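Asker:
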Amino acid sequence: MVDAPSENADNNAAEAFLQGGSLKHAPGPYFGGYGGRWMPESLIAALDEVQDTFEKAKADPEFLAQLKDLNKNYSGRPSLLTEAKNFSEHAGGARIFLKREDLNHTGSHKINNVLGQALLAKRMGKTRVIAETGAGQHGVASATAAALLGLECVVYMGAEDCRRQALNVARMQLLGATVVPVTNGSQTLKDAINDALRDWVSNVENTHYLLGTAAGAHPFPAMVRFFHEVIGEEARAQILEQTGKLPDAVCACIGGGSNAIGIFHSFLDDPAVKIYGFEAGGDGVDTGRHAAAITLGRPGVLHGARSYLMQDEDGQTIESHSISAGLDYPSVGPEHSYLADIGRVTYEPITDTEAMDAFRLLCRTEGIIPAIESAHALAGAIKVGQRLTEGRATPSDTIVIVNLSGRGDKDVETAAAWFDMLDEDGNVKGTTLSTRKPKGPAERMAEAGAADVNEDRN
C-alpha cells in the first residue's frame, strides 16, 4: 500500500483551485483523501511494472504517435460534436451538444483506454489480457484490441449481465475472446472485477489486467483518465469552433467514471463551466435499490482504492442496482470522490424511469439510439438545461455538452421490455418478430435433417 495522504489534502487542493491552481493531470496515487493502492503483496510488483511502463510510454513520442494513429485510423477519432436541436426544446431551450463517443469503433468510449492499455501490454511482453465488463462495451473493446494486436483475451462478466447483454457476449466471442460468466454475489460488475483480480494474481507473469474504468488501485485511475482525456480535448476545441465560447455546463453519466473524467478533465480549470456527473438512481435513492455511491455512500475501500462506497453500518458493501449494467457498481473512481468533496463537480442521481424517458426522447427527436448508461446523462442534461435557462431572456445562449458515451444497440431488448413492446413469448407486439437469439448452425442443420427424413417418409 502506498503512503496515506495528509489530513489537509482536500482543503489544500480546494484552496489551490480557488487561487488559480490547476486540477488537471493529477498523477495519483491519491486524489485528496481518495485512491491509493490497497492490494495484496502478490500484485504490488505487477502494479509497479504497469506504472513504470505507463510513465515511460506517455513520455515516448513513438508510443504517442502509435496511439494517435490507432485513434484516428482505427477507432475513427475525432468523434463528432452534434447539436441536438430537437432534443434541446425539452431542456428549457438550452442548446444541447452531444459528444458522439457512440460513433467510435466498437460503439463507445471504451476503445480509447483499451487501445492504450493493449499497447502497454505488448510493451511489457504480456501475451494475455483479462478484463471485466458490465454492459459488455469494455469487453467488446478489449476483445477487439486483443484481436488486432495478437493477444489472448479473457473477459469476466457477471451472469446477470451476460443475460441482459447477450448481444455483447456474442460479439466478444466472435472476436475470439473467452467470456467467463461470474456466478458469485449479485452476478454483476463488482463480482466480475473480483474474479478478474483473482485471475491476475494467478497469472501475473504473462497477463495484464486491462481495467476498464478510472477506479481501482494506482496507477489505474490516472492512467485510464489519460487515455480518455482525448474526449474533453476534442469537445473543448469543437465547441469553441462551433459556438465561439465555452459551454455553460458539461454532463456525463457516472459508474466507475471513465467517460466522465475523460470529458470533465479539459474543463476542470474553467470555473465558469459547471460540471455534472449523473449516478444511477435505480428505483429511487430512498428505496435502497440504486448505485448512487457519491450521493449516499461514504468513504471505504473496494478493488484497491479508497473512494465513496455503498456500505452498511458494519462496513460491508451493499449490492447496487440499475437498469444499466454499466452503471451497476457500488463505488466510483477516486478522482470523482475528490472532485465531489471540493465542490468542483456536482453529482446527482437519475432514476431508471428518468433515464428511460430520456432514452426514448433522444430516439424520437434526433434519430439516435443511446446506451442506457448515456441516457442517464441525457436525463440530467434536461434538468440542467431547464435550471440554467430559467429567467434568461434568451435560453439559446445557454450551451450544454453531454457525453454520449455509447450507442444503444445492446439495450434494444431491455428498452423493448421496459416500454412494454414485447408479448409473453418475447415477440414484438403486433408482429412475429422476436428479440430472442436466432437458431445457430447446429440447430438449423438438425432441423434440415429432420425435414429430409420426413420428406423421404412421405
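Each residue of the sequence shown is one higher than the one before, starting from 1498 at the first, in our numbering. C-beta atoms are modelled at their ideal positions from N, C-alpha and C, and glycine is treated no differently. What you are looking at is a predicted structure, and each value in this text was computed from that prediction instead of being measured.
(1) With a threshold of 8 Å, are at least 3 pairs of Cβ atoms found where one atom belongs to the region 1554-1573 and the other to the region 1534-1544?
(2) For Ala1890, collect the residues of the same chain with a Cβ closer than 6 Å to its Cβ; drop the 5 residues on either side in sequence, then sort them by chain order.
(3) Would you mind working out which of Leu1875, Ala1523, Glu1586 sits nearest Cys1748, comparing C-alpha positions?
(4) Compute the Euclidean distance between the alpha carbons of Leu1836 and Asn1924, then round it to the nearest angstrom.
(5) Is the beta carbon of Ala1638 closer than 7 Å to that of Ala1615?
(6) Within 8 Å, do at least three Cβ pairs link the region 1655-1675 to the region 1624-1633?
(7) Which one of Arg1620, Glu1738, Arg1668 has the shortest CA to CA distance from Thr1704?
(8) Which one or two residues does DSSP pair with Leu1578 in a beta bridge?
(9) On the DSSP letters alone, give me the boundaries of the alpha helix (DSSP H) that Tyr1653 sits inside.
(10) Hey, how far is the Cα of Asn1505 from the Cα of Gly1529?
(11) With 16 as the cutoff for other CB atoms within 10 Å, does Val1611 come out buried or exposed?
(12) Could you check how far apart the C-beta atoms of Ala1769 and Leu1743 are, in whole angstroms? I think they sit under 8 Å.
(13) Reducing DSSP to helix, strand and coil, say where Ser1705 ends up.
(14) For Gln1670, which of Val1651, Ala1712, Glu1921 has the nearest alpha-carbon?
(15) Quick check: the Cα distance between Ser1871 and Lys1553, rounded to an integer number of angstroms?
(16) Could you tell me which of Asp1557, Trp1535, Asn1900 sits nearest to Ala1732, measuring between CA atoms?
(17) When the Cα atoms are used, what is the spatial distance from Asp1500 to Lys1555?
(18) Do Ala1719 and Pro1524 have their C-beta atoms within less than 7 Å of each other?
(19) With a CB to CB cut of under 6 Å and the five nearest residues on each side skipped, what residues in its chain are close to Phe1717?
(20) State the DSSP-derived secondary structure class of Val1842, mapped to helix, strand or coil.
(21) In the DSSP output, which residue or residues are listed as bridge partners for Pro1796?
(22) Between Pro1892 and the rest of its own chain, which residues show a CB-CB distance below 7 Å, the 5 nearest in sequence each way excluded?
(23) Going straight from the alpha carbon of Gly1927 to that of Asp1920, what length do you get?
(24) Would you grab the beta carbon distance between Gly1855 and Ile1879 for me? Rounded to a whole angstrom, and I think it's under 8 Å.
(25) Return yes when the Cβ of Thr1848 is within less than 7 Å of the Cβ of Gly1781, no when it is not.
(26) If you run the structure through DSSP and keep just helix, strand and coil, what is Ala1562?
(27) Applying the criterion that 16 or more other CB atoms from any shown protein chain within 10 Å of the CB defines a buried residue, is Asn1601 buried or exposed?
Answerer: Let me spell this out:
(1) Flag = no, the region 1554-1573 and the region 1534-1544 do not touch.
(2) By one-based count along the sequence shown, residue 1890 stands at place 393. No residues qualify anywhere along the chain.
(3) On the sequence shown, residue 1748 is found 251 positions in, with the first residue counted as 1. When each option's Cα is compared against that of Cys1748, the closest is Leu1875.
(4) In the sequence shown, counting from the first residue as 1, residue 1836 sits at position 339. In the sequence shown, counting from the first residue as 1, residue 1924 sits at position 427. The C-alpha of Asn1924 is placed about 46 Å away from the C-alpha of Leu1836.
(5) Residue numbering aside, residue 1615 sits at position 118 when the sequence shown is read from its first letter. Residue numbering aside, residue 1638 sits at position 141 when the sequence shown is read from its first letter. Going by C-beta atoms, Ala1615 is not nearer than 7 Å to Ala1638.
(6) Contact annotation: the region 1624-1633 touches the region 1655-1675, with at least three C-beta pairs closer than 8 Å.
(7) Position 207 of the sequence shown, counted from the start, is the residue given in the question as residue 1704. Considering only alpha carbons, the answer is Arg1620.
(8) Position 81 of the sequence shown, counted from the start, is the residue given in the question as residue 1578. Note: Leu1578 sits in a beta bridge opposite Lys1596.
(9) One-based indexing of the sequence shown puts residue 1653 at position 156. In the DSSP annotation of this structure, Tyr1653 is not part of any alpha helix (DSSP H); the continuous beta strand (DSSP E) holding it starts and ends at 1649-1655.
(10) Residue 1505 sits at position 8 when you count from the first residue of the sequence shown. Residue 1529 sits at position 32 when you count from the first residue of the sequence shown. Caution applies to Asn1505, whose pLDDT of 49 falls short of 50 and renders its modelled position unreliable; the value that the coordinates give is listed next. The C-alpha of Gly1529 is placed about 8 Å away from the C-alpha of Asn1505.
(11) Walking along the sequence shown from the start, residue 1611 turns up at place 114. Under this definition Val1611 is a buried residue.
(12) As a working mapping, residue 1769 is identified with position 272 in the sequence shown. As a working mapping, residue 1743 is identified with position 246 in the sequence shown. Contact between Ala1769 and Leu1743 holds, since their C-beta atoms are separated by about 7 Å, short of 8 Å.
(13) Locating residue 1705 in the sequence shown gives position 208, where the first residue counts as 1. Note on identity: in this sequence residue 1705 is His, with Ser being the wrong assignment. Strand at His1705.
(14) For the purposes of this step, residue 1670 is taken as residue 173 along the sequence shown, with counting starting at 1. For Gln1670, the nearest C-alpha among the options comes from Val1651.
(15) As a first step, residue 1871 must be located in the sequence shown, where it is residue number 374. As a first step, residue 1553 must be located in the sequence shown, where it is residue number 56. Whole-angstrom Cα-Cα distance: 34 Å.
(16) By one-based count along the sequence shown, residue 1732 stands at place 235. Nearest option by C-alpha distance: Asn1900.
(17) For the purposes of this step, residue 1500 is taken as the residue at position 3 of the sequence shown. For the purposes of this step, residue 1555 is taken as the residue at position 58 of the sequence shown. Residue confidence is low: Asp1500 scores 46 on pLDDT, short of 50, so the model does not pin down where it sits. Its coordinate-derived value is still stated next. About 24 Å.
(18) What you label residue 1719 is simply residue 222 of the sequence shown in a count that begins at 1. What you label residue 1524 is simply residue 27 of the sequence shown in a count that begins at 1. Against a cut-off of 7 Å, the Cβ pair of Pro1524 and Ala1719 comes out as a contact.
(19) The count along the sequence shown starts at 1 and reaches residue 1717 at position 220. Counting only Cβ-Cβ distances below 6 Å, and skipping sequence neighbours, we find Leu1708.
(20) Counted from its first residue, the sequence shown places residue 1842 at position 345. DSSP places Val1842 outside both helix and strand once states are collapsed to three, so it counts as coil.
(21) Position 299 of the sequence shown, counted from the start, is the residue given in the question as residue 1796. DSSP, once it has assigned bridges, lists Tyr1805 as partnering Pro1796.
(22) The residue you call residue 1892 lines up with position 395 of the sequence shown. Excluding residues within five positions, the ones whose Cβ falls inside 7 Å are Gly1589, Gly1590, Ala1591, Thr1886.
(23) The sequence position of residue 1927 within the sequence shown is 430, counting from 1. The sequence position of residue 1920 within the sequence shown is 423, counting from 1. Their backbone Cα atoms lie some 9 Å apart in a straight line.
(24) Sequence index remark: in the sequence shown, residue 1855 carries index 358 (1-based). Sequence index remark: in the sequence shown, residue 1879 carries index 382 (1-based). First, the residue type needs correcting, since residue 1855 is Ala and not Gly in the sequence shown. Yes, Ala1855 and Ile1879 are in contact; Cβ-Cβ is about 6 Å, under 8 Å.
(25) Position 284 of the sequence shown, counted from the start, is the residue given in the question as residue 1781. Position 351 of the sequence shown, counted from the start, is the residue given in the question as residue 1848. Result yes, Cβ atoms of Gly1781 and Thr1848 sit closer than 7 Å.
(26) To locate residue 1562, count along the sequence shown from 1; it is residue 65. Under the three-state reduction of DSSP output, Ala1562 falls in the helix class.
(27) Stepping through the sequence shown from its first residue, residue 1601 is reached at position 104. Here Asn1601 is buried: its Cβ has 16 or more other Cβ atoms, across all protein chains shown, within 10 Å.
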